[in-house]
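Residue numbers (UniProt numbering), protein chains in the order written: chain F, 1 to 432; chain G, 1 to 456.
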Amino acid sequence: MKRKIQYILALAVLISMTVQAQQPKGKYATFALTHATIQTVTKGIIQDGTVILSQGKITAVGANVSIPAGAEVVDCKGKWIYPGLIDGGTTLGLSEVGSDSRTQDFNEVGDVIPQMKALTAVNPNSALIPVTRISGVTTVIAAPEGDLVPGTAALINLYGYTPDQMYAGFEGVVLNFPNTGRKGFFDRRTDEDIKKAAEKAMTRINSVWEMAVQYYKLDSATKSKGVGYYPEMEALLPVVKGERTLMIEANASKDIQAALKWVKDHKVKKVILTGVAEGWRVADEIAKANIPVVAGPVQELPTRDYDRYDKPYANPGLLKKAGVKVALRTAQASNVRNLPYHAAFAAAYGLGKEEALRAVTIVPAEIFGVSDKLGSIEVGKNATVLVSDGDPFETKTNILQVYIDGWQVPMVSRQTLLYDEFLHRDPGVTKN
Amino acid sequence: MKKIFYSFALLALVTFAHAQVERGNLLIKNGTVLTVTKGTFENTDVLVKDGKITQIGKNIAAPAGVKVIDATGQFVMPGIIDAHSHAGLDAINEATSPVTAEVFTGDVLNPFQVTLYRALGGGVTTIHAMHGSANAIGGQCETIKLRYGVKDGDGLRMEGAPRTIKFALGENPTRVHGGGSSIVPRTRMGVEFVIRESFSKAKEYMEAWDKYNKAKTQKGFRGTPPAYNLRLETLAEILKGNIIIHCHSYRADEINMLLNVCKDFGVKRLVFQHVNEGFKVAPELAKFGAMASVFADWWAYKFEVYYSTAYNAAILTRNGVVTSINSDDAELMRHLYHEAAKTQKYGNLSDDEALALITLNPAKQLGIDARVGSLEVGKEADIAIFNSHPLSSYTIPMITVVDGVVRFDREKDADDVRIYVDPTQAVDIATIQGGEQEDHCMDGAEDAFGKLFGLN
Numbered sequence: 001m002k003r004k005i006q007y008i009l010a011l012a013v014l015i016s017m018t019v020q021a022q023q024p025k026g027k028y029a030t031f032a033l034t035h036a037t038i039q040t041v042t043k044g045i046i047q048d049g050t051v052i053l054s055q056g057k058i059t060a061v062g063a064n065v066s067i068p069a070g071a072e073v074v075d076c077k078g079k080w081i082y083p084g085l086i087d088g089g090t091t092l093g094l095s096e097v098g099s100d101s102r103t104q105d106f107n108e109v110g111d112v113i114p115q116m117k118a119l120t121a122v123n124p125n126s127a128l129i130p131v132t133r134i135s136g137v138t139t140v141i142a143a144p145e146g147d148l149v150p151g152t153a154a155l156i157n158l159y160g161y162t163p164d165q166m167y168a169g170f171e172g173v174v175l176n177f178p179n180t181g182r183k184g185f186f187d188r189r190t191d192e193d194i195k196k197a198a199e200k201a202m203t204r205i206n207s208v209w210e211m212a213v214q215y216y217k218l219d220s221a222t223k224s225k226g227v228g229y230y231p232e233m234e235a236l237l238p239v240v241k242g243e244r245t246l247m248i249e250a251n252a253s254k255d256i257q258a259a260l261k262w263v264k265d266h267k268v269k270k271v272i273l274t275g276v277a278e279g280w281r282v283a284d285e286i287a288k289a290n291i292p293v294v295a296g297p298v299q300e301l302p303t304r305d306y307d308r309y310d311k312p313y314a315n316p317g318l319l320k321k322a323g324v325k326v327a328l329r330t331a332q333a334s335n336v337r338n339l340p341y342h343a344a345f346a347a348a349y350g351l352g353k354e355e356a357l358r359a360v361t362i363v364p365a366e367i368f369g370v371s372d373k374l375g376s377i378e379v380g381k382n383a384t385v386l387v388s389d390g391d392p393f394e395t396k397t398n399i400l401q402v403y404i405d406g407w408q409v410p411m412v413s414r415q416t417l418l419y420d421e422f423l424h425r426d427p428g429v430t431k432n
Numbered sequence: 001m002k003k004i005f006y007s008f009a010l011l012a013l014v015t016f017a018h019a020q021v022e023r024g025n026l027l028i029k030n031g032t033v034l035t036v037t038k039g040t041f042e043n044t045d046v047l048v049k050d051g052k053i054t055q056i057g058k059n060i061a062a063p064a065g066v067k068v069i070d071a072t073g074q075f076v077m078p079g080i081i082d083a084h085s086h087a088g089l090d091a092i093n094e095a096t097s098p099v100t101a102e103v104f105t106g107d108v109l110n111p112f113q114v115t116l117y118r119a120l121g122g123g124v125t126t127i128h129a130m131h132g133s134a135n136a137i138g139g140q141c142e143t144i145k146l147r148y149g150v151k152d153g154d155g156l157r158m159e160g161a162p163r164t165i166k167f168a169l170g171e172n173p174t175r176v177h178g179g180g181s182s183i184v185p186r187t188r189m190g191v192e193f194v195i196r197e198s199f200s201k202a203k204e205y206m207e208a209w210d211k212y213n214k215a216k217t218q219k220g221f222r223g224t225p226p227a228y229n230l231r232l233e234t235l236a237e238i239l240k241g242n243i244i245i246h247c248h249s250y251r252a253d254e255i256n257m258l259l260n261v262c263k264d265f266g267v268k269r270l271v272f273q274h275v276n277e278g279f280k281v282a283p284e285l286a287k288f289g290a291m292a293s294v295f296a297d298w299w300a301y302k303f304e305v306y307y308s309t310a311y312n313a314a315i316l317t318r319n320g321v322v323t324s325i326n327s328d329d330a331e332l333m334r335h336l337y338h339e340a341a342k343t344q345k346y347g348n349l350s351d352d353e354a355l356a357l358i359t360l361n362p363a364k365q366l367g368i369d370a371r372v373g374s375l376e377v378g379k380e381a382d383i384a385i386f387n388s389h390p391l392s393s394y395t396i397p398m399i400t401v402v403d404g405v406v407r408f409d410r411e412k413d414a415d416d417v418r419i420y421v422d423p424t425q426a427v428d429i430a431t432i433q434g435g436e437q438e439d440h441c442m443d444g445a446e447d448a449f450g451k452l453f454g455l456n
């Protein structure tokens with residue numbers, strides 16, 4: 001009997017171990033990635049080099065690096081190391097199943113609600129996150145969507161069990177600039193209705209900003225005492241002060257122009273333009289205003305029937321050529337993993353490979369004010385890198401390992417587990 | 001009398017215009033030729049006469065007067081075939097009944113859609129212009145060639161392509177009919193019943209006609225024929241094997257269900273569309289001989305695609321299922337070569353296997369593989385030329401040829417390619433696309449559905 005119990009216990013342990021083997025955990029240690037081709041992004045390519053990851057940071061990079069005692073050595077001969085890729089605009093973590101509103105947390109009720117924080121609603125256990133990060137996309141903007149000011153977006157790293165562990169050091173208030181365009185194929189409003197709605201929204205935005213400025217004056221005068229509870233104004237205050245970035249979504253060329261004018265007129269200090277589908281039409285004006293953009297999706301249809309078929313692919317390149325600082329985004333949740341391919345299309349249609357790589361690494365890091373931590377492989381930055389067997393923008397390339405904040409991330413997702421289970425299903429067509 | 005003459009002349013003219021498909025002559029010189037079926041050949045020429053491939057080889061001399069395309073350093077592959085599209089159609093969903101086998105997308109072809117040209121810009125030459133997925137048994141579909149530039153919808157038809165019909169399982173038909181109108185089907189049980197009931201009625205109808213046709217040859221027969229019914233007539237053609245079923249489906253259980261229904265009714269020509277969970281029943285699909293047309297990586301846009309994997313195409317292929325990658329979307333349609341390339345990341349397919357997913361395999365699914373889908377002598381000259389390997393993320397489609405006629409040329413084409421400009425179209429209104437991905441099988445039906453609930 002006793003033996004039987006021992007046997008059962010041993011079996012139970014074995015089973016639990018097998019389960020663990022299928023769901024490996026992340027590992028935090030000092031890693032020495034040796035003999036790799038290192039694409040630093042900011043300081044060229046290092047051949048046969050070593051990157052040391054320790055205490056969550058990159059502590060050494062170069063061809064002649066001594067390996068610290070106790071480091072786990074990972075031979076990367078024939079492999080490449082890149083910084084983790086950054087997507088400048090997604091709803092990742094805020095949306096699980098597209099058609100099911102109960103699983104969507106990016107669209108709160110209200111037209112001006114900057115106090116709604118995306119970071120609060122990010123689901124660290126979303127099945128979409130592992131699918132994304134094992135493709136080399138390590139860091140994304142999780143942005144609210146909806147009415148005029150739908151909330152505050154956050155930059156998150158795609159590893160961690162709480163929003164705090166995932167927070168990557170940037171938050172920005174989203175403003176959907178009044179839209180004179182049609183919102184996709186299903187928008188059946190008349191031209192007149194669209195125009196009226198845009199005008200109404202413009203009036204609303206102007207009055208909100210005026211209130212925010214008044215609130216700022218009151219707040220300064222009373223030294224933050226006695227202004228009462230105005231959560232919207234409180235959330236806009238850092239934007240008025242120029243301490244927080246306003247992320248302005250504008251796509252039609254007229255709207256981009258109007259946004260540039262609005263920013264100038266209201267002396268808004270920290271601004272990013274997002275979307276900018278028709279940015280190429282007014283690229284010089286954006287460049288002149290010296291406002292950086294997060295453009296995309298790149299794999300998208302032209303906005304007008306009479307525009308050249310490849311304009312969405314060419315848009316980032318045309319913006320860059322005019323002198324605009326360009327980062328890229330997918331504007332998706334489920335397929336943020338395709339960011340490298342959006343970048344490849346932008347590269348092929350005019351942006352060039354080097355700039356396309358920058359547009360998903362160092363440029364977004366700079367735009368979001370986190371270039372001291374992310375966006376390139378340099379000593380002192382976060383240990384957020386990918387190891388691949390080639391150019392990560394090519395579909396033939398495999399991402400072999402991802403490190404986020406020093407954590408060696410398990411290279412599995414539900415999609416890889418399903419592959420493992422079903423490639424050779426057992427039982428097949430007959431059970432016995 | 002004069003009137004009669006004019007009528008005849010007009011009739012002759014119409015018939016002539018109808019039958020006339022432009023077929024070209026071409027010599028594509030010195031490219032890397034990806035035949036898909038017979039290997040890859042460098043520095044090779046492809047000769048096209050009267051819309052067909054007549055020779056593939058080295059140093060082919062250009063016949064007098066034949067247009068020559070220099071493809072040095074470029075890649076020449078079969079024109080891409082999209083087995084699931086709604087482009088070129090003025091209507092998609094006849095969402096008024098769970099069974100609408102009598103309607104036909106070929107009746108609403110629109111040759112003016114710029115979408116067709118944009119697809120040519122992605123190397124696409126043939127598409128399956130499908131009915132939507134609002135109904136368990138939807139309408140018949142039309143296989144069309146992207147002869148962008150013709151002004152008559154008939155000019156798009158791929159004459160002689162087999163008949164096809166759209167079926168749909170799961171959330172879409174249950175939402176529209178059970179959810180929206182409170183009629184069967186509301187569940188996957190109901191979907192099975194609707195299809196079994198339809199097939200059974202079609203069988204009765206077919207038998208009644210057979211009986212009548214047999215009886216009427218008897219001397220002294222005085223009976224009347226059964227009432228003609230286009231819906232049952234169409235369904236009977238499915239049972240006879242003259243129409244290929246293309247069934248919108250996602251979950252493994254519903255796929256298995258239709259396999260069983262088709263087995264019971266002796267239906268063999270069956271292609272599953274989307275089929276995100278096809279990988280779970282790949283052995284069953286292979287055994288039946290059913291085919292699968294999938295997205296490369298779309299998932300999570302609704303609950304029934306939450307348990308998907310981008311390895312679907314590879315698992316299906318490795319299990320012996322004839323698999324294609326489709327678009328169902330005007331944007332995705334522009335880069336099917338890139339979608340096919342993703343199977344090299346997700347499942348390590350070879351170049352030829354990946355290319356077959358968008359050429360030969362969809363051709364098989366549409367029953368047109370004897371005519372298109374590979375570069376072989378005797379096949380129709382539907383050809384796409386890329387500036388680098390079509391499975392590279394950096395590749396750019398340069399020239400697209402349909403029936404030997406250049407329909408897209410990146411170097412020469414105008415920015416504005418509209419054939420017909422709608423006078424009511426607002427010039428200054430941009431359409432800003434969403435970014436989020438979802439299937440378009442409910443286009444049109446969503447509108448009706450929304451109205452029903454006061455959503456729009």
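For each residue, glycine too, the CB sits at the ideal point set by N, CA and C.
Source: prediction; values computed, not measured.
Mind checking if Lys431(F) is an interface residue toward chain G, Cβ cutoff 8 angstroms exclusive? Within the first sequence, residue 431(F) is the residue found at index 431, counting from 1. It does not; no Cβ of chain G falls within 8 angstroms.
I need the straight-line Cα distance from Ile291(F) to Leu273(F), nearest angstrom please. Looking up residue 291(F) in the first sequence gives position 291. Looking up residue 273(F) in the first sequence gives position 273. C-alpha separation (whole angstroms): 7 angstroms.
Residue nearest to Ala161(G) in terms of C-alpha spacing, selected from Pro362(G), Pro390(G) and Tyr394(G)
Here residue 161(G) is taken as the residue at index 161 of the second sequence, counted from 1. For Ala161(G), the nearest C-alpha among the options comes from Pro362(G).
Next item on the list: In angstroms with no decimal places, state the Cα-to-Cα distance between Leu246(F) and Ala235(F).
Entry: What you label residue 246(F) is simply residue 246 of the first sequence in a count that begins at 1. What you label residue 235(F) is simply residue 235 of the first sequence in a count that begins at 1. For Leu246(F) and Ala235(F), the distance between alpha carbons rounds to 11 angstroms.
Contact list for Thr303(F) against chain G, beta-carbon separation under 7 angstroms: Start at 1 with the first residue of the first sequence, and residue 303(F) comes out as number 303. What Thr303(F) touches in chain G: Ala430, Thr431 and Ile432.
With DSSP as the reference, identify every bridge partner of Tyr28(F), one or two as the case may be. For this step, residue 28(F) is matched to residue 28 along the first sequence. For Tyr28(F), which the question treats as bridged, DSSP gives the partners Trp407(F).
TODO: Please confirm if Ser334(F) has its CB atom under 8 angstroms from at least one CB of chain G.
DONE: One-based indexing of the first sequence puts residue 334(F) at position 334. So yes, Ser334(F) belongs to the interface.
Check your understanding: Quick one: Cα of Ala346(F) to Cα of Pro316(F), how far?
Key -> For the purposes of this step, residue 346(F) is taken as the residue at position 346 of the first sequence. For the purposes of this step, residue 316(F) is taken as the residue at position 316 of the first sequence. Answer to the nearest angstrom: the Cα atoms are 6 angstroms apart.
Checklist entry - Looking only at C-alpha atoms, which of Glu378(F), Arg425(F) and Leu237(F) sits nearest to Thr40(F)? => result Counting from one through the first sequence, the residue named residue 40(F) turns up at place 40. It is Glu378(F).
**Asked** Thinking C-alpha only, which one of Tyr228(G), Pro185(G) and Leu232(G) is nearest Lys203(G)?
**Response** For the purposes of this step, residue 203(G) is taken as residue 203 along the second sequence, with counting starting at 1. For Lys203(G), the nearest C-alpha among the options comes from Leu232(G).
Under 9 angstroms, CB to CB, which of the residues in the stretch 222 to 251 of chain G have a partner in chain F? none
Hey, Met333(G) and Asp82(G) are a contact pair by Cβ (cut 8 angstroms); roughly how many whole angstroms apart?
-> Numbered from 1 along the second sequence, position 333 holds the residue referred to as residue 333(G). Numbered from 1 along the second sequence, position 82 holds the residue referred to as residue 82(G). 6 angstroms between Cβ atoms; contact.
- Please name the residue, chosen from Thr132(F), Asp372(F), Val239(F) and Asp48(F), that lies closest to Thr330(F) on a Cα-to-Cα basis. The residue given as residue 330(F) occupies position 330 in the first sequence. With distances taken between Cα atoms, Thr330(F) lies closest to Thr132(F).
Cβ pair Thr42(F), Ile362(F) closer than 8 angstroms: In the first sequence, the residue the question calls residue 42(F) occupies position 42. In the first sequence, the residue the question calls residue 362(F) occupies position 362. Result yes, Cβ atoms of Thr42(F) and Ile362(F) sit closer than 8 angstroms.
Per the contact definition of three or more C-beta pairs closer than 8 angstroms, is the stretch 180 to 198 of chain F in contact with the stretch 212 to 227 of chain F? no
Any idea what DSSP makes of Asp307(F), helix, strand or coil?
-> Here the question's residue 307(F) lines up with position 307 in the first sequence. Three-state DSSP puts Asp307(F) in coil, outside helix and strand.
- Anything in chain F within Cβ reach of Asp297(G), meaning under 8 angstroms, just list it in chain order. As a working note, residue 297(G) is residue 297 in the second sequence. Those are Asn335, Arg337 and Asn338, listed as they occur along chain F.
Handout entry: Reduced DSSP category for Ile243(G) - H, G, I as helix; E, B as strand; rest coil
Key = On the second sequence, residue 243(G) is found 243 positions in, with the first residue counted as 1. Strand.
Q) What number of angstroms, rounded off, separates the C-alpha of Val294(F) from the C-alpha of Gly89(F)? A) By 1-based counting over the first sequence, the position of residue 294(F) is 294. By 1-based counting over the first sequence, the position of residue 89(F) is 89. If you take the alpha carbons of Val294(F) and Gly89(F), they lie about 7 angstroms apart.
Examine chain G for any beta-carbon lying closer than 8 angstroms to the beta-carbon of Asp310(F), and answer yes or no.
For the purposes of this step, residue 310(F) is taken as residue 310 along the first sequence, with counting starting at 1. Judged by the 8 angstroms Cβ criterion, Asp310(F) is in contact with chain G.
*Determine, using beta carbons only, whether Ile315(G) comes closer than 8 angstroms to chain F.*
The residue given as residue 315(G) occupies position 315 in the second sequence. So, interface residue.
Item to complete: Hey, could you find the ends of the alpha helix (DSSP H) Lys49(G) is sitting in?
Response: Working through the second sequence from its first residue, we reach residue 49(G) at position 49. It is not in any alpha helix (DSSP H) - Lys49(G) instead sits in the beta strand (DSSP E) that spans Thr40 to Lys49.
DSSP three-state assignment for Ala21(F), whether helix, strand or coil: In the first sequence, the residue the question calls residue 21(F) occupies position 21. Its pLDDT being 48, under 50, Ala21(F) is placed unreliably by the model, and the measurement read from it follows with that caveat. Helix at Ala21(F).
Worksheet item: In the structure shown, what three-state DSSP assignment does Leu109(G) receive?
Response: Position 109 of the second sequence holds residue 109(G). Three-state DSSP puts Leu109(G) in a strand.
**Asked** Just checking, does the stretch 295 to 307 of chain F make contact with the stretch 325 to 343 of chain F on the three C-beta pairs under 8 angstroms criterion?
**Response** yes
Listed by chain order, chain F residues near Ile325(G) by CB distance under 8 angstroms:
Looking up residue 325(G) in the second sequence gives position 325. Result: empty, since nearest Cβ-Cβ is about 12 angstroms, beyond 8 angstroms.
(Q) With H, G and I counted as helix, E and B as strand and the rest as coil, what does DSSP make of Val412(F)? (A) Your numbering for residue 412(F) matches position 412 in the first sequence. Looking at Val412(F) - three-state DSSP - the assignment turns out to be coil, as it is neither helix nor strand.
Where Ala384(G) falls: helix, strand or coil (DSSP): Counting from 1 along the second sequence, the entry for residue 384(G) is found at position 384. Looking at Ala384(G) - three-state DSSP - the assignment turns out to be strand.
Met116(F) to Pro150(F) span [Cα, whole Å]: Counted from its first residue, the first sequence places residue 116(F) at position 116. Counted from its first residue, the first sequence places residue 150(F) at position 150. C-alpha separation (whole angstroms): 7 angstroms.
Handout entry: Val409(F) at chain G interface by Cβ criterion, 8 angstroms
Key = Here residue 409(F) is taken as the residue at index 409 of the first sequence, counted from 1. Not one chain G Cβ lies under 8 angstroms of Val409(F).
message: Any contact between the stretch 210 to 218 of chain G and the stretch 117 to 137 of chain G? By contact I mean 3 or more CB pairs, one from each, below 8 angstroms.
response: no
* Near-chain G residues of the stretch 167 to 181 of chain F (beta-carbon distance less than 8 angstroms), N- to C-terminal order -> Asn179, Thr180 and Gly181
My output table needs one value for Glu411(G): the three-state DSSP class, helix, strand or coil. As a first step, residue 411(G) must be located in the second sequence, where it is residue number 411. Glu411(G): coil per DSSP, three-state reduction.
How is Phe422(F) classed by DSSP in three states: helix, strand or coil? Counting from one through the first sequence, the residue named residue 422(F) turns up at place 422. Of the three classes helix, strand and coil, the one that applies to Phe422(F) here is helix, per DSSP.
Practice problem: Report yes if the C-beta of Val360(F) is less than 7 angstroms from at least one heavy atom of the ligand MG; otherwise report no. | Solution: Here there are no bound small molecules, and the ligand MG is not part of this structure.
- Assuming Ala252(G) and Lys280(G) form a contact by the criterion Cβ under 8 angstroms, report the distance between their Cβ atoms to the nearest whole angstrom. Here residue 252(G) corresponds to residue number 252 of the second sequence, with the count starting at 1. Here residue 280(G) corresponds to residue number 280 of the second sequence, with the count starting at 1. Indeed they touch by this definition, with Cβ atoms about 4 angstroms apart.
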